[in-house]
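Undergrad: Pasting a structure below so you can have a look.
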Amino acid sequence: MSPSLPNTLNTLNILLLSEARLRLRRLGSVVAILAVIALAWVMIPDPQSGTSLMVIKSTRVLYTSSTLAYGSATLASLLFGLAGFYLVRGRIAEDMRSGCGAVIAATPVSNGIFLLGRWLGGVAYLLVLSTAFMGAMLVCHLVRGEGPIELLIYLQTYLALLLPMIFFVCSCAILFDSFSPLMGKLGDVIFFFVWVAQIALLDKADSGIAGEINPYMYIDFIGAATSMAHLKLYVSTRHISLGTASFDAKLIPILLPTFMWSGKLMALRCATAMLALLPLLPAIALFHRFSPDRVKVSQARKRRSPLNYLNQILRPFAGLCQPLFRLARVLPGLAGQICADLALTVATTPVAGLALLIIPLLSMFLPSAVLPGLLTITVAIWGILISDLSSRDHQAATGEMTGAVSGGIAQRYLRQFAASAVLGLMLMGVIGLRWLMHESMHEPMRALALVSGIFSMSAVACLLGRLSKTPRTFLSLFLFGIYVAVNANKAPVMDVFGFNGVANNLSITWQLMLGAIALSGGYLYNRRAAA
5 MSPSLPNTLN TLNILLLSEA RLRLRRLGSV VAILAVIALA WVMIPDPQSG TSLMVIKSTR
65 VLYTSSTLAY GSATLASLLF GLAGFYLVRG RIAEDMRSGC GAVIAATPVS NGIFLLGRWL
125 GGVAYLLVLS TAFMGAMLVC HLVRGEGPIE LLIYLQTYLA LLLPMIFFVC SCAILFDSFS
185 PLMGKLGDVI FFFVWVAQIA LLDKADSGIA GEINPYMYID FIGAATSMAH LKLYVSTRHI
245 SLGTASFDAK LIPILLPTFM WSGKLMALRC ATAMLALLPL LPAIALFHRF SPDRVKVSQA
305 RKRRSPLNYL NQILRPFAGL CQPLFRLARV LPGLAGQICA DLALTVATTP VAGLALLIIP
365 LLSMFLPSAV LPGLLTITVA IWGILISDLS SRDHQAATGE MTGAVSGGIA QRYLRQFAAS
425 AVLGLMLMGV IGLRWLMHES MHEPMRALAL VSGIFSMSAV ACLLGRLSKT PRTFLSLFLF
485 GIYVAVNANK APVMDVFGFN GVANNLSITW QLMLGAIALS GGYLYNRRAA A
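So the mapping is simple: the working numbering equals the position in the sequence shown, first residue as 1, plus 4.
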């Protein structure tokens, strides 16, 4: 054994343990674990309610270990495939903001060993979250399952589906953090489209199990396309619903086989896991190693990226912040602080100024039939804009300063919530007014859903931003929620903003309750932090 090999392994072990401990000790990690546990329960509907996790040709599939493991792991791969990226990335920027980057750059550790250690730490973190999810699923099996718990089935299914996804997500997170142009919001948006491209593989891999392997299946890192293609082949139909789907109780339930993963499929997933490591190669070559001539501390604080070039082009629209700043000086107390937060958002993100000019005008003059599509786009823009509103003080290391103004930390939380909600009303209020004044009896319900959605998501954005101290926790869940809402356009509970037109009194009430819990919980947390 080479004398340097034990030293290398020891260095990797230290980096892995340090990274994992640092991530798992955060309050945001506790929130993430609680969230995945809650998600596991929401994901598995009670068959007595008339809905089931997996439905084939209007026939439900029995809740055996094979069914629950297969269905839950497929859905978890979709969520973790997006949220995992935002949870893992950002550590290198934190090193720069804290001053540790210069210390790391001066050590003899090579770029490859350092990035590999960071990658292993991210993998360990997502494995902990996946284990918590599987543990919650086992408890759910005890309550709603049909048949014994077969732990080997769960382990095989979760490893086959989630491990390549975790490898790929962590590799992309390391690559995006290593290349300075992708360290900001542009990198966040680019990966969202990478995730959407992975979802698009569902249509490409249907023929990849029978006969020759479809080449697309080798790059199905999320695994949803492979699992669904295999399931469709087994049941000889494309009429499969995975998630919350209704079924005909008169039909005899279907029983899936115990082992769904053949040796051929496992070999395919192993090959995919190896390919998932490829983004690490350009990451090593492009790593800035905290060099001042390649990346600046201000770049990490401001999350600069090529998106700033767009902001530079749109800089004239940042002038819209001047009336807001003047109004903030005139308005007393909390109202002035809210106005100042809005002005700061427009000043730092000129895209917001352009959106405030164009979207209300489009909302005013476009036909009513086009408003739902416009609202969907506007909701996505609004979510991106407010994602960092409650965490930007921490990102800029000005938290103590802004917490020292009148009202303190607790009032700062309230004004950030109010600024998020007011920005939403400024962008989407015209659509809500048109629906409210519409002669149809259903359109006012859409307006109420829009207002309740702005209220609840503003509260959730501020709570998650304050707890995790990063905008990515909310942003990942928010973008995933929009994707689900656009596709599950018949589910009232997912029609948070009313663009699907299926929101009802119950779904609106749930949103108001969620907003009230998030707002009060965040306020109490901030009061305790200020004490």
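Don't be surprised by glycine CBs; every beta carbon is placed ideally from N, CA and C. Remember, it's a predicted structure, so these values are computed and weren't measured experimentally.
#1: Suppose only complete runs of 4+ residues qualify. What are the alpha helix (DSSP H) ranges in the stretch 131-187, listed by chain order?
#2: If you run the structure through DSSP and keep just helix, strand and coil, what is residue 71?
#3: What's the gap between the Cα of residue 248 and the Cα of residue 109?
#4: Alpha carbon to alpha carbon, how far is residue 74 from residue 68?
#5: To which residues of the same chain is residue 310 closer than 7 Å at the C-beta, ignoring the five residues directly before and after it?
#6: Assuming residue 293 contacts residue 115 (C-beta within less than 8 Å), just tell me the rounded distance between them.
#7: Taking 8 Å as the cut-off, does the stretch 269-285 touch the stretch 73-89 (at least 3 CB pairs, one atom from each stretch)?
#8: Just mark residue 5 as buried or exposed, buried being the case when its beta carbon has 16 or more other beta carbons within 10 Å.
#9: DSSP on residue 58, reduced to helix/strand/coil?
#10: Considering only the alpha carbon of each residue, which of 497, 428, 513 and 397 lies closest to residue 471?
#11: Using the beta-carbon count (16 or more within 10 Å), is residue 498 buried or exposed?
#12: Let me make sure I understand the geometry here. Which of 457, 458 and 435 has the alpha-carbon closest to that of residue 447?
#13: Buried or exposed for residue 106, please, with buried defined as at least 16 other CB atoms from any protein chain shown within 10 angstroms of its CB.
#14: Rounded to the nearest angstrom, what separates residue 223 and residue 166 at their Cα positions?
#15: Taking the CB atoms as reference points, tell me whether residue 486 and residue 243 lie closer together than 9 Å.
#16: What's the C-alpha gap between residue 440 and residue 373?
#17: Let me know the secondary structure DSSP gives residue 536 once reduced to three states.
#18: How about residue 429 and residue 349: are their beta carbons less than 9 Å apart?
#19: Measure the alpha-carbon distance for residue 40 versus residue 481 and round it to whole angstroms.
#20: So the candidates are 70, 278 and 356; which of them puts its Cα closest to the Cα of residue 260?
#21: Go to residue 246, then tell me how far its beta strand (DSSP E) extends in each direction, as first and last residue.
#22: With distance defined between alpha-carbon atoms, name the residue in 65, 483 and 42 nearest to residue 255.
#23: If distances are taken between C-alpha atoms only, which option among 128, 329, 204 and 89 comes closest to residue 27?
#24: Give me, in chain order, the residues of the same chain whose beta-carbon lies closer than 7 Å to that of residue 424; leave out the 5 immediate sequence neighbours on both sides.
#25: Among 290, 171 and 381, which one has its Cα closest to the Cα of residue 183?
#26: Out of 352, 157 and 529, which one is the CA nearest neighbour of residue 416?
TA: Reading it off the structure:
#1: 155-182
#2: helix
#3: 50 Å
#4: 10 Å
#5: Low confidence applies to residue 310: its pLDDT is 43, below 50, so where it sits in the model is not reliable, and the reading given next is rough at best. Cβ within range, chain order: 185 and 190.
#6: 6 Å
#7: no
#8: Below a pLDDT of 50, predicted positions are generally treated as unreliable, and residue 5, at 42, falls in that range; no measurement from the model is reported.
#9: strand
#10: 397
#11: buried
#12: 435
#13: exposed
#14: 14 Å
#15: no
#16: 15 Å
#17: Here the chain comprises residues numbered 5 to 535, so residue 536 is not present and cannot be evaluated.
#18: no
#19: 11 Å
#20: 70
#21: 244-250
#22: 65
#23: 128
#24: 390, 393, 462, 465 and 466
#25: 290
#26: 529
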